[in-house]
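**Q** Residue numbers (our numbering): 737 to 854. Here's a structure for you.
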Ligand SMILES: [Zn+2]
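Listed below in structure tokens is the structure:
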């Protein structure tokens, strides 16, 4: 585990949390008020990645970027199921790589030859 100096949370998150319908899932697609097309989720994720020095909080590997979008997701230190109050707490969030998630899915799909002779 690396020691992460938590900085101040992004303003987009503070603003979003004030909304009565604010939820962790709702951060996806929630407008930040800026016109660059970023949603609240990505602003928070970006900020987490930067303060972790671009390293995954789980495996310590550099978080890869695909076309400028980091291949990472937000993880809660205390799970939402245990403490829903902390679901939108910046102090309870970490950025982790999403590298292992789909690694094995596509490579074997075409190798098994199913021959249907009609
Ligand atoms: Zn990782």
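Quick reminder that beta carbons are idealized off the backbone N, C-alpha and C, glycines included.
1. In whole angstroms, give me the CA-to-CA distance for residue 768 and residue 746.
2. Report buried or exposed for residue 755, applying the criterion of at least 16 other Cβ atoms within 10 angstroms of its Cβ.
3. Whole angstroms are fine: how far does the CA of residue 833 sit from the CA of residue 840?
4. Under the three-state reduction of DSSP, which class applies to residue 811: helix, strand or coil?
5. Go through its chain and collect everything with a Cβ distance to residue 776's Cβ below 7 Å, but skip five positions before and after it.
6. So what does DSSP say about residue 829, is it helix, strand or coil?
7. Alpha carbon to alpha carbon, how far is residue 739 from residue 823?
**A** According to the structure shown:
1. 10 Å
2. exposed
3. Because residue 840 sits at a pLDDT of 44, beneath the cut-off of 50, its placement in the model cannot be relied upon, and the following sentence gives the value as read from the coordinates. C-alpha separation (whole angstroms): 16 Å.
4. strand
5. 748, 749, 752, 763, 766 and 768
6. strand
7. 21 Å
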